[in-house]
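Heads up, the thing below is written out as structure tokens.
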Amino acid sequence: MAKTSSLKRAGYLCTGLVAAALMGLAAAPVQAQTAGGDLVVVQSSNPPSLDAMVTSSQASRNITMNIYEPLFGFSEDIRPIPILAESVEISEDGTSYRIPLREGVKFHNGDEMTAEDVKASLERYQEHGATQSMLEPIASIEVTGPLEVTLTLKEPTPTFLEAFASPRAPAVIIPEEEAAKAPNEISFIGTGPYKFVEYVPDSHVKLERFDEYSADTDHEGIDGFGGKKTAYLDTVTFRVIPEPGAAVAALETGEVHLLEQLPVPTARRLASNDDIEIYENMPWAFMTFIFNMKEAPSDNPKFREAVQIALNNEEIMAIATEGLFNLYHGWMYEGSTYDAGDVGKEYYNVADTERAKALLEEAGYNNEEFSILTDSTIPEHGKAGVVIGEQLKAIGINAVINQVDWPTALKIRLQDEGWNGWTLMMGIEPYLGPAALISALTGEAAHFRDSDEELDALYQELISTDSEEGRKAVFEKIQKRMYEFFGIIKVGETGLMQASRANVEGFKPFRFPRVYDVWLEQN
Amino acid sequence: MISFLVRRLLSAIPVLIVVSLVSFIIIAIVPGDVTAELAGSDSTEAQRAEIRERLGLDRPMIEQAVRWYGRLLSGDLGQSYLLNMSVTDAVLERLPVTLSLAGIALVLAIVLGVLLGIVSAIRHDSWLDQGSMSLALFGLSVPDFWFALILISVFSVGLGWFPTGGYVPLSESLFGWARSMTLPALALAITQMGVVARMTRSSMLEVMSQDYIRTARAKGMRSHTIIFKHALRNALVPIVTVVGVMTGVLLGGAVVIEQVFSLPGVGRLIIGAIQRRDYPIIQGGLLITAATFVFVNILVDLAYGWLDPRVRDDR
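These protein sequence lines are chains A and B, in that order.
Numbered continuously in the working numbering, the first sequence closes out at residue 523.
Numbered continuously in the working numbering, the second sequence closes out at residue 838.
Right, here's the structure in full:
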């Protein structure tokens, strides 16, 4: 079999060495890591499940990504890198992925990981995984050696590896005997640097250092979801504290060490506290406003354009995020690989009421009710919905706010009737890249109820285009199309305020709190 | 006495049936279901329909209710959709937290409230009376979640005497348990303390002007014997009457306090279940909470009879 492309560790090693050498030139004095201690991390809600495959919840991912590992994951610069895989070799026709596995990787039960475990885990994902579509291109999974699996795809899918590496609901590897179990019935056994100890709902999840952890020595240190991970702490406790005031108080007293999220004004107040470090995890999510294209008046593209032109995005973001925001028109983050430049910029943050009124007239708008669906569970949603409503009233739209709780909002937005606009923060999709973002806007479950044929076709073109350059060009067309049919408005980008005690060393904000390579400085 | 107990227990059954029926009806009215939580917010209608069918949520409400009551008769409250455990286990696991919180709060409310009320009554129209009643009024007026945050700010962040939250089981450490429950119980007790203080004061003032108190004084009986042996016992009767109602208020208030102090109690369990539409937990949790409330009221009725033999004889 001819190999046309491969992803190997050596290349990363070289890059890593160069980067390390470069960083060394300006490195701060090296601080000695201290082993031991119990790190207490706070999050506001219970993990719905610790069975990593079956949930796409952030509250679960925060914990499970320290317990389990997938074959591939994203690097710091959001490219797929091998984690439990040694490398991957893709056949010339793009349908066969031969994946040798890392040797000597142990599960938390002491057993060594084999190709059988990998096959069983991936097959379980195909059946129960929360984002099964990412393995949908796979026709078969074969064990082709004690430490090797080969995935055969139904057809060439150039974006397969990016999708496969997605941390949204990661395709983690668990022991074969666990893979046979139903969702949520497994013992929480992974290969990660920390192992599961106990879960007391509404109280805490406790993890313990896995002493037999086989670190990936091909890297110099951690890199995104992968790299060389080192567990310094004896134990890690994820405490569930729903009340932000109580969580902050616990940080101030030193009862807890790390807050996964805290209110922006509180973070500003704590900035002058020498015992506390504040981290601005930015960018974290897109704030979006999605139209129902099946319900009048939002079924009319001209009407939607009027809304786009009317909005003062800066005002919405400033109020919704309490000041932690960035304004950018692009449907990928500024400066990222797929950033499409100025395409659509002229429609963004225009706040031109006169032009918007003219567009409304052109659309034949006749004071029909425009129902804004929003929720109180995620405060940013509710606040954005209210500000959008007020701005639309100013141009003569009969905007009505329908603020409900999150499950109700999800139920309503899945209906063709009963709503016109919906506020939604998209966190993981823009992070995962163009395919993940656009897939939410196409096909049967498209956010705007009706699919846009042109966007659907462009999405197919995107996922079947071989080269990165080609995909960039397709994404430019996608962004252009987004600003033509106005099915969704990007309001802005927001971040996450995080905080730790000053004695927490090594913590780097990321898509989940990485508790490996973190240690507690002894006083 | 036994026939009284049996009658009270039998009269509890319709109450519990009504509670469970109301919870069923509310669930039927509230939009949203557990499928989005189980299948993910970007799941397809087909995936959600498959889950609804598996859980029996596609069946008519009447059929679901009949099935639920059928299981209930055999003592089975069903299985949580999301917790991977039975409803009974989930609730019983958390009941000690809520009961100890409400129990300590009840004791605090009664002890502090009665003391304030007595002080007010025996120092009627003095600055002590004014001060005690101002404190009682403060307790009645202040929202418990705000008071909870103030307690955390002063006693945890400021003085460092108590933890900011979390629960230490009694089996692990008596001292740790007491520390973890003090501030939550105080925050929960504050409103009821105000109620008890005001009731005790008015009740004591009324009793203190009775002939038998005057007679006791005339006999030269010591002041504290008159207050605690004769006046207080009689003044307590109306207070005991409200203890049953107070228990209900405290169990309800525990929901907020458990949230602020991150205590893993029944209140948080039910709130979490409502937010995620875990219907069996909502139904089972409400039923067990209501049963607790009814049971406490039966105990209160018994205590009432003990305090006032006339009531017992009337039965």
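Here a beta-carbon is modelled for each residue, glycine too, at the ideal position from N, C-alpha and C.
For P265 (chain A), no pairing in a beta bridge is given by DSSP.
Beyond the five residues adjoining it in sequence on each side, F784 (chain B) comes within less than 6 Å, by CB distance, of G688, P707 in the same chain, given in chain order. Listed along the chain, the chain A residues whose CB falls inside 7 Å of the CB of V680 (chain B) are A249, E252, T253. Using a CB distance cut-off of 7 Å, P803 (chain B) does not count as an interface residue toward chain A. For the stretch 274-320 of chain A, the continuous beta strand (DSSP E) assignments of 3+ residues that do not extend past its boundaries occur at 276-291, in sequence order.
Chain A places no beta carbon closer than 7 Å to that of L693 (chain B), leaving this residue out of the contacts. P554 (chain B) belongs to the set of residues whose beta carbon lies under 7 Å from a beta carbon in chain A. Put simply, the backbone Cα of P100 (chain A) is about 16 Å away from that of E69 (chain A). Residue pairing by DSSP places N326 (chain A) opposite A:E493 in a beta bridge.
Under the three-state reduction of DSSP, K508 (chain A) is assigned to coil, being neither helix nor strand. With respect to D581 (chain B), R590 (chain B) sits apart: the two C-beta atoms are not nearer than 7 Å.
In terms of CA proximity to R61 (chain A), A:E260 leads the group A:E260, A:V118, A:E76, A:T230. At a cut-off of 7 Å between beta-carbon atoms, N402 (chain A) makes no contact with chain B. For Y690 (chain B), the chain A residues whose Cβ falls inside 8 Å of its Cβ are S203, in order along the chain.
Short of 6 Å from the beta carbon of Y459 (chain A), and not among the five residues preceding or following it, lie these beta carbons of its own chain, in chain order: I438, T442. Chain B has a Cβ within less than 7 Å of the Cβ of L410 (chain A). Rounded to the nearest whole angstrom, the CA to CA distance from I811 (chain B) to L786 (chain B) is 18 Å. When Cβ-Cβ separations below 7 Å define contact, I550 (chain B) makes no contact with chain A.
Residues of the stretch 586-605 of chain B with a C-beta atom less than 7 Å from some C-beta of chain A are L605, listed in chain order.
Judged by DSSP in its simplified three-state form, M425 (chain A) adopts strand.
Not a single C-beta of chain B is nearer than 7 Å to the C-beta of A52 (chain A). Nearest CB-CB separation between T812 (chain B) and chain A: not below the 7 Å threshold. Taking 7 Å as the Cβ-Cβ cut-off, the stretch 293-322 of chain A has no residue approaching chain B.
Contact note: F784 (chain B) reaches chain A through A246, using a C-beta cutoff of 7 Å and chain order.
Taking each of B:A559, B:M731, B:V766 in turn and checking the Cα distance to A826 (chain B), the smallest one comes out for B:V766. By the criterion of a C-beta distance shorter than 6 Å, M656 (chain B) is surrounded in its chain by S643, once the five residues flanking it on both sides are discounted.
Between the stretch 665-681 of chain B and the stretch 237-250 of chain A there are three or more C-beta pairs closer than 8 Å, enough to call the two in contact. Residue nearest to I780 (chain B) within the set B:D612, B:V718, B:K752, B:W669 is B:W669 (criterion: CA-CA distance). In the structure shown, S597 (chain B) adopts coil according to DSSP, grouped into three states. Two segments are said to touch when three or more pairs of C-beta atoms, one from each, lie closer than 8 Å; by this definition the stretch 73-83 of chain A touches the stretch 160-172 of chain A.
Per the C-alpha coordinates, the member of A:Q522, A:Y483, A:Q43 positioned closest to E305 (chain A) is A:Y483.
Ranking A:P82, A:Q479, A:G427 by CA distance to the CA of I488 (chain A) puts A:Q479 first. Cβ atoms of A671 (chain B) and L773 (chain B) stay farther apart than 8 Å, at about 14 Å. Membership of K383 (chain A) in the alpha helix (DSSP H) is indicated by the continuous run 379-394. When the beta-carbon positions are compared, N184 (chain A) and S87 (chain A) stay at least 7 Å from each other. Going by beta carbons, G636 (chain B) and A720 (chain B) fall inside the 7 Å limit.
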